[in-house]
Amino acid sequence: MVKSYHPETLEEALKILVETHCIPYAGGTDLMVRYRQGPGLVPNFDRPVMFIGHFPELTAISEKNGEFSIGACVPYRDIIRHPHTPEILRQACSLIGAPAIQNLGTMGGNICNASPAGDTLPPLSVLDATLTLRSVSGERKVSFLSFFTGPGKSILRDDELLTCIHFRLPHFTVEGYRKVGTRKANALSKIAFAGFMLKEKDMLSDVRIALGAVAPTIVRSRELENRLIGQPVAELAELMPDLLKSYGKLIQPITDQRSDANYRKTVSLRLIKNFVLKEES
Amino acid sequence: MSQTIQFNLNGKAVFLKTDPMRRLLDVLRDDFSETGVKEGCGEGECGACSVFLNGKLVNSCLVAVGSITGMNVETIVHFQHTQAYRIIEQAFSDAGSVQCGFCTPGMVLAAYALLKENPDPDETDIREAISGNLCRCTGYNMIVDGIKLAAKKGDGKW
Ligand SMILES: Cc1cc2nc3c(=O)[nH]c(=O)nc-3n(C[C@H](O)[C@H](O)[C@H](O)COP(=O)(O)OP(=O)(O)OC[C@H]3O[C@@H](n4cnc5c(N)ncnc54)[C@H](O)[C@@H]3O)c2cc1C
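Chains as they are written, first to last, in the working numbering: chain A, 1 to 281; chain E, 282 to 439.
This is how it looks when you write it as structure tokens:
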């Protein structure tokens with residue numbers, strides 16, 4: 001039987017974390033499946049566990065002058081219902097699991113799990129989110145994309161908790177979110193797509209594109225986006241073949257039980273093309 | 282390492298000396314004989330083990346009991362004494378929503394979770410609300426009909 005902790009405060013939690021290197025447990029929706037043993041059996045956690053879902057600092061959402069902060073342990077349900085949640089993120093969260101999963105699961109858990117198929121990753125990537133990581137020795141803020149280093153891997157140290165996710169509400173004229181999965185509910189993504197565009201006076205002033213589940217980490221390239229920025233909208237179609245060829249090099253999907261590499265790549269490139277050429281809504 | 286965990290089960294405070302990593306599902310079935318809470322898949326996909334945790338629908342197979350200190354758990358056994366339950370029960374019976382019955386406790390709780398927030402749901406709302414509950418008998422249409430009928434009979438009084 002592993003030891004488990006239910007600290008009263010976040011400070012206490014950080015102390016326990018540095019002393020024991022225990023497993024933080026937020027909503028438990030990934031952990032309880034990963035360690036499950038079967039009916040009547042206690043999940044076989046191999047290290048001590050610490051419950052972190054109950055701290056007020058980690059369960060608050062706030063929005064002030066376009067600056068959004070979401071506590072790492074806010075369940076999806078509350079993100080979906082918040083009046084100012086960007087549509088792109090609201091859609092992503094509403095397509096995660098089913099209502100009962102959205103009542104438990106957290107965005108912090110989705111990020112720290114660092115699965116390439118985590119559905120909140122593409123929208124947070126195009127929102128240019130920042131993550132606050134905290135340990136007893138202090139706090140650091142890291143950019144969203146720099147957090148992930150590989151499938152299931154991140155720069156999070158085992159004495160650190162993710163405490164908060166921040167972003168600025170962006171001003172865009174076109175946004176897009178697509179989850180490609182086997183069924184709508186309780187299906188992990190074969191591909192997830194998120195994009196923002198700002199089309200002004202027939203010019204593309206800004207664009208951000210991210211894809212999930214098609215490479216070891218999220219696909220997002222400022223370099224390729226820059227090729228489109230400043231271009232006349234009427235000429236975007238001409239740029240497509242070269243652009244898609246370049247995206248094709250970044251999109252390196254695997255074949256697994258959910259989908260195959262060829263399908264993932266073909267559909268990803270089509271999603272990019274359809275999005276960039278999409279009319280304003 | 283057993284610890285004493287306190288939570289409220291169906292309106293009564295309970296103190297349980299147990300391993301905090303046990304699944305709420307096992308605690309309810311084995312320690313409290315709450316056998317209306319079913320185990321289907323054990324990984325959060327099927328909804329047979331649904332309960333209300335602080336009033337919200339969750340899969341009890343995904344909840345470690347140590348995480349619910351101080352919270353309120355309501356199961357189908359308690360919910361069946363409510364007026365809302367009787368409306369849903371009658372509607373499910375009239376619409377033929379129940380066949381083998383294994384998914385039914387979870388379906389009833391999912392239906393109530395919906396109706397309490399959205400007393401006049403359309404078909405899409407209903408299908409979304411029960412999207413985490415699997416039924417291998419009915420093909421779902423009769424359950425959707427049952428929830429529509431319950432919405433009509435309940436007439437907003439949830
Ligand atoms: C039936 C079902 C359907 C699902 N559907 C989807 C889906 O459609 N899309 C999708 O992306 N995911 C899906 N998931 C996976 C899961 O629900 C999500 O990844 C969820 O966001 C995990 O959050 P959690 O709070 O439950 O994580 P937990 O299980 O509590 O934790 C996950 C991991 O993150 C770590 N962690 C959590 N919070 C912190 C923190 N604040 N600081 C440091 N480390 C932390 C934990 O130690 C653990 O390693 C599904 C899961 C189930 C069971």
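We put the CB at the ideal spot given by N, CA and C, even for glycine.
Helix, strand or coil for Tyr-5 of chain A? Go by DSSP, reduced to three states.
strand
State buried or exposed for Ser-4 of chain A, treating a residue as buried only when at least 16 other CB atoms are found within 10 Å of its CB.
buried
Helix, strand or coil for Asp-128 of chain A per DSSP?
coil
DSSP three-state assignment for Gln-287 of chain E, whether helix, strand or coil:
strand
Compare the Cα-Cα distances from His-21 of chain A to each of A:Asn-44, A:Val-136 and A:Asn-262 and report the closest residue.
A:Val-136
Contact set between the stretch 75 to 109 of chain A and chain E, restricted to residues whose Cβ is under 8 Å from the partner
Arg-77, Gly-97, Ala-98, Pro-99, Ala-100, Ile-101, Asn-103 and Leu-104
First and last residue of the alpha helix (DSSP H) that includes Leu-243 of chain A?
236 to 250
Count the other CB atoms within 10 Å of the CB of Phe-193 of chain A; is the residue buried (16 or more) or exposed (fewer)?
buried
Mind pulling the alpha helix (DSSP H) runs of 4 or more residues that sit fully within the stretch 49 to 97 of chain A?
76 to 81 and 87 to 94
Find the residues of chain A that neighbour Ala-329 of chain E, judging by a C-beta separation of less than 8 Å, and give them in chain order.
Near Ala-329 of chain E there are no residues of chain A at all, since even the closest Cβ is about 11 Å away, more than 8 Å.
Mind checking Leu-285 of chain A: buried by the 16 CB within 10 Å criterion, or exposed?
Residue 285 of chain A is absent from the structure shown; chain A starts at 1 and stops at 281.
Output needed in chain order: residues of the stretch 183 to 215 of chain A with a Cβ under 8 Å from some Cβ in chain E.
Lys-184, Ala-185 and Asn-186
Using a cut-off of 7 Å between C-beta atoms, extract the partners of Thr-29 of chain A located in chain E.
Gly-325 and Leu-343
Answer with buried or exposed for Gln-102 of chain A, where buried requires no fewer than 16 other C-beta atoms within 10 angstroms of its C-beta.
buried
Who does Asp-206 of chain A pair with in a DSSP beta bridge?
A:Leu-198
Looking at the structure shown, is Cys-440 of chain E part of a helix, part of a strand, or coil, going by DSSP?
Residue 440 of chain E lies beyond the residue range present for chain E, which begins at 282 and ends at 439; the question has no answer from this structure.
Measuring only the C-alpha atoms, how far is Gly-40 of chain A from Thr-285 of chain E?
19 Å
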